[in-house]
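Chains as they are written, first to last, in my numbering: chain H, -11 to 215; chain F, 8 to 273.
Here is the structure we will look at.
Below is the structure:
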């Protein structure tokens, strides 16, 4: 992996962290989008799109409702896609490692997220004191500070997670963990996960069961036709 | 009092700037005031128009730094309402200060519930599952583009329109929240999601049959679903996504089998 690729990944990690919740929330941070972007950075957009979709199915049911805390799906998919693509470039299908490291990165990312929110609490206190002292411009300055800190958190956690994952890949790529798993198996397991999570989220009434059945037939026919 | 009557009303420019600032509503999200700082900062262009005096502006701004939390896309409705009533506060209307505070407290729950149901539990996973199935089959980047555009047309559209709708309705915001649009949009999202989940199941069975030994792979497919159901308990207890546990377990199992059989398995 070249220095430019590493730099772009770290920069993208900062953007992903900010898009997750502190800024705009355009969903650039969703695995479905993170995968292709990582793939594009590493010169394998098709593999990135595939792995992005795999991680999207994993985190379908994970929702930031209210003040709930959820695993960092953006970091998980970024790290997992890097491991999968780098493994392919090294001649192994590191599916287990990609998913395992992605999952671990998602859990670690949630912890970093919590630090950031706690730190934001101190920033908010400072802002409140300044405003009470008659300074209405304090929130603007505080927001700039919080965004810069968020970007730094995102960049650092991406750099650390990618470095650890690639080091682990080097260690295990000759063992069974790296595997020789065909892509179609990963695809089948991913759609099984999607079907399960989707049914749990959406199928509640008769009309949903009808839509689910229509989707089942359409999905089977299209997959069969495409094959 | 004459001075008060000459206070300008916040116009389209202020409302546009409020909608733009609302994209950073959660930038200082914290466990004490949640979105409070972002809400106050987003409202600042309106307060600047209403209160040219810096000290008075700071005093009114302070009242918005308290706890606020809602869905980030629907929060602009609350900002519009606050701006409308704040204009009454600036004109010296009796009881308006208390009214804005009470109304925002009451709005938090409704904005959160409607927005979370529509976006987090509705459109995002619905578009996500549909786009993911297509991307898994085609390995194309286009499903991601469609997901991104489709979600943002609705989410950012609601965000931009929210300030105007909230400002126009003021204390009558309940009428906007009772509009059938929210219910219909959520219902359509669920149908899209259910169809997407069905398509995932259908495509999965076909890919499993085409990819290897039919019966063996079908059993394996069922195994994954069962693993997922077991994983649901783990999800509740440890906040780990159940499908990922199912996927990881299945992949570890298959990798070990492949390794043991030197790739002779289907």
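Note that CB positions come from ideal geometry on N, CA and C, so glycine has one too.
Assigned exposure category for residue i - 16 Cβ within 10 Å defines buried
i, result
"residue 11(F)", "In this prediction, residue 11(F) scores a pLDDT of 48, lower than 50, which makes its location untrustworthy; no coordinate-derived value is stated."
"residue 77(F)", "buried"
"residue 122(F)", "buried"
"residue 33(F)", "buried"
"residue 79(H)", "exposed"
"residue 13(H)", "buried"
"residue 81(F)", "buried"
"residue 100(F)", "exposed"
"residue 124(H)", "buried"
"residue 149(F)", "exposed"
"residue 190(H)", "buried"
"residue 160(F)", "exposed"
"residue 74(F)", "exposed"
"residue 59(F)", "exposed"
"residue 186(F)", "exposed"
"residue -8(H)", "exposed"
"residue 195(F)", "exposed"
"residue 271(F)", "With a pLDDT of 43 at residue 271(F), under the threshold of 50, the modelled position of this residue cannot be trusted; read the value that follows with caution. Exposed: under 16 other Cβ atoms inside 10 Å."
"residue 3(H)", "buried"
"residue 9(F)", "Its pLDDT being 42, under 50, residue 9(F) is placed unreliably by the model, and the measurement read from it follows with that caveat. The residue in question, residue 9(F), is exposed, as its Cβ has fewer than 16 Cβ neighbours within 10 Å."
"residue 215(H)", "exposed"
"residue 132(H)", "exposed"
"residue 66(H)", "buried"
"residue -5(H)", "exposed"
"residue 146(F)", "buried"
"residue 195(H)", "exposed"
"residue 188(F)", "exposed"
"residue 205(H)", "exposed"
"residue 208(F)", "buried"
"residue 273(F)", "Summary for residue 273(F): the model assigns pLDDT 40, below 50, so the residue's position carries little reliability; its value from the coordinates is reported in the next sentence. It counts as exposed."
"residue 193(H)", "exposed"
Residue i, enclosing alpha helix (DSSP H) - first and last residue
i, result
"residue 69(H)", "61 to 77"
"residue 132(F)", "131 to 145"
"residue 57(H)", "Here residue 57(H) belongs to no alpha helix (DSSP H), and DSSP marks it neither H nor E."
"residue 184(H)", "171 to 190"
"residue 289(F)", "Outside the shown range of chain F (8 to 273) lies residue 289(F), about which nothing can therefore be said."
"residue 24(H)", "19 to 29"
"residue 82(H)", "No alpha helix (DSSP H) contains residue 82(H), which DSSP labels as neither H nor E."
"residue 45(H)", "33 to 46"
"residue 42(F)", "First-last for residue 42(F): undefined, no H or E at that position."
"residue 23(F)", "19 to 28"
"residue 201(H)", "194 to 214"
"residue 169(F)", "149 to 176"
"residue 77(F)", "From DSSP, residue 77(F) is part of no alpha helix (DSSP H); its letter is neither H nor E."
"residue 93(F)", "82 to 97"
"residue 214(F)", "187 to 218"
"residue 5(H)", "-9 to 8"
"residue 183(F)", "180 to 184"
"residue 119(F)", "103 to 122"
"residue 16(F)", "Here residue 16(F) belongs to no alpha helix (DSSP H), and DSSP marks it neither H nor E."
"residue 70(F)", "61 to 70"
Contact under 8 Å by Cβ, residue i with residue j
i, j, result
"residue 98(H)", "residue 58(H)", "yes"
"residue 173(F)", "residue 102(F)", "no"
"residue 40(F)", "residue 72(F)", "yes"
"residue 211(F)", "residue 136(F)", "no"
"residue 126(H)", "residue 108(H)", "no"
"residue 153(H)", "residue 70(H)", "yes"
"residue 103(H)", "residue 52(H)", "no"
"residue 2(F)", "residue 54(F)", "The requested residue 2(F) is not part of the displayed model; chain F covers only 8 to 273."
"residue 153(F)", "residue 133(F)", "no"
"residue 157(H)", "residue 75(H)", "yes"
"residue 139(H)", "residue 0(H)", "no"
"residue 77(H)", "residue 160(H)", "no"
"residue 49(F)", "residue 28(F)", "yes"
"residue 149(H)", "residue 48(H)", "no"
"residue 21(F)", "residue 56(F)", "yes"
"residue 207(H)", "residue 201(F)", "no"
"residue 214(F)", "residue 26(H)", "no"
"residue -2(H)", "residue 143(H)", "yes"
"residue 205(F)", "residue 200(H)", "yes"
"residue 83(H)", "residue 174(H)", "yes"
"residue 121(H)", "residue 44(F)", "no"
"residue 15(H)", "residue 166(F)", "no"
Is the stretch 32 to 52 of chain H touching the stretch 161 to 181 of chain F in the sense that three or more CB pairs, one from each, lie closer than 8 Å?
no
Examine the Cβ distances between the stretch 88 to 103 of chain H and the stretch 58 to 76 of chain H and report whether three or more of them are shorter than 8 Å.
yes
I'd like to know if the stretch 115 to 132 of chain F and the stretch 180 to 190 of chain F are in contact, where contact means that at least 3 CB-CB pairs between them fall below 8 Å.
yes
Beta strand (DSSP E) segments (min. 3 residues) lying fully within the stretch 117 to 149 of chain H:
none
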